[in-house]
Structures are given as structure tokens and as C-alpha cells.
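Colleague:
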Amino acid sequence: MLKYKNVYESLLKDTSPYVMLKLKKHLSPKDVILDIGSAQGYLSSRMLNFVDLVYCYDISQSSNKKRAVLFPSLVNIEKLDDIKRPMHKKISIVTLISVIQYMELEEIERLFSFFQEQGVNKIVLGDVDLGAPKSLSALSALKNIFFYKGLPSALNLLMFYFYKVIFVKDFPNNFVLGDLEKICRDNGFNICKIENNVGLCNHRATFICTQN
């Protein structure tokens, strides 16, 4: 049986073009992106077609090493404070796609405070868990990937769910939308839900946060 990390990486390859179709409308050629949770860089590399520069940050050192080999045009950030250095361009947009629901509220609070200090104009929070039943979310994602990429990709997603539930046991944190809205307000950001989620699941949502 394929290893979890191989299934996960294959899934990121499959889903990155689907996500980019919806995400690109929120980007512009002059933007400098900080992609948090960028993994091996499949989505980040697609962003490069629409923006000036993409910085990548991920806690996985193995992903960082692989991304450096696969996509040398992406700039790896070892720790977030590195973007304060004069050698780095000012960040205009931060993207967190299918990431924020795995963070603790205190961690999200620290991130937004940091973004405010750095004068970030826009934050894209994609695939935010709104509390829909897990089975309904999974079926929605399976349907979308099947019609977009076909049966092999749908089976790969199904295997990913199997690994996640049985072996990894990596579940989203339980925080309500009001908590996220309060963090935004406290750090000088407006938060707005957009019409279509950029991720696979129709029962999750994407929010755009902009400086007041």
C-alpha cells in the first residue's frame, strides 16, 4: 500500500489546478505572496503565473527540501520573522489554503498580529471548516475531484481519507467563526466570505481579510 506522504503529495498535485482556477481572481501581477502551509509547492508554483513573487513557509522540513528541488523559483522562508529582512520584498497577500482549521486560536492570533505589523493588505483563508458533518464534506470533495480529474484522483482522495482517519488521526480544531471574526477585528482586519470556496469541498468556505 502507498505511504501516506505519497498519497498526500499526489493529492496536492491533483487539487492544485482546481484551487488555482478560483484563487487567481484574487491575485494580481504586482502581488508578493506568502503561502503558509505550502507543502511541496504545487499550488505555490501555479501562483507564480499570476503574481510577482511567492515566498513559501511550512513546518515540514522534508516538504521544504523537496520544494526547493522541484520549484527553485519559489523562495523558502525558514521562519516568519525572515520576511522582515531588507533583502525580502514586502508581502502584499498571505494565503492559508486548507491550513487554518488545524491551528490553535492562539496561533492564529499571533499570525494576524504579525500580519498587521507587516502591513499585509490581504489574507486569503481557504477551505475553512464551518462544522458541516465530515461525511458530507468528504462526499462533496470526492464528487468535485471526480468530475474535475476523474476516477483515479477520486480514489486517491478516498485513500487519503482512509489514512487520515485510521492512522494519522489529524482532525481540525473546533473553533467557531465568531472566534475568527474577533481575531480579525482585534488586529485591524475586515473579514468577508466569498461566494465559492477555493478548495474541493462545497461545505467549507473561503474568507478574504483586508486591512481596515
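Oh and the sequence shown: position 19 is 1350 in the working numbering, straight run, nothing missing. No residue lacks a Cβ here, since even glycine has one placed at the ideal position from N, Cα and C.
1. In chain order, what residues of the same chain have a beta carbon less than 6 Å from the beta carbon of S1376, not counting five sequence neighbours either side?
2. If you reduce the DSSP assignment to three classes, tell me which class N1407 lands in.
3. When you compare each of I1514, A1536, R1516 to K1524 by their alpha carbons, which one comes out closest?
4. For N1487, collect the residues of the same chain with a Cβ closer than 7 Å to its Cβ; drop the 5 residues on either side in sequence, then sort them by chain order.
5. By DSSP, does I1476 sit in helix, in strand, or in coil?
6. Based on the DSSP output, what are the partners of L1384 in its beta bridges?
7. From D1412 to L1482, what does the alpha carbon distance come to, in whole angstroms?
8. Does the pairing of the stretch 1421 to 1437 with the stretch 1362 to 1369 give three or more beta-carbon distances under 8 Å?
9. Per DSSP, Q1542 forms a beta bridge with which residues?
10. Rounded to the nearest angstrom, what separates V1496 and R1516 at their Cα positions?
11. Quick check on the DSSP output: the alpha helix (DSSP H) that includes K1453 runs from which residue to which?
12. Figure out for me which residue from M1434, N1527, I1422, G1519 has the closest Cα to the Cα of K1356.
13. Give the DSSP-derived three-state secondary structure of F1338 in the structure shown.
14. Go ahead and pull the three-state DSSP assignment for A1536.
15. Please report the residue range of the alpha helix (DSSP H) in which I1497 lies.
16. Have a look at S1391 and N1543 and give me their C-alpha separation to the nearest angstrom.
17. For I1414, which residues in the same chain have their Cβ closer than 8 Å to its Cβ, ignoring the five residues on either side in sequence?
18. Does DSSP put L1379 in a helix, a strand or coil?
Modeller: Reading from the atomic positions:
1. F1402
2. strand
3. A1536
4. V1338, S1341, L1342, D1345
5. helix
6. V1363
7. 42 Å
8. yes
9. F1520
10. 34 Å
11. No alpha helix (DSSP H) contains K1453, which is instead part of the beta strand (DSSP E) from 1453 to 1460.
12. N1527
13. The residue asked about is misnamed: residue 1338 is Val in this sequence, not Phe. In this structure, V1338 counts as helix in the three-state DSSP scheme.
14. strand
15. Where I1497 is concerned, there is no enclosing alpha helix (DSSP H), given that its DSSP letter is neither H nor E.
16. 33 Å
17. L1365, Y1386, I1408, I1422, Q1449
18. coil
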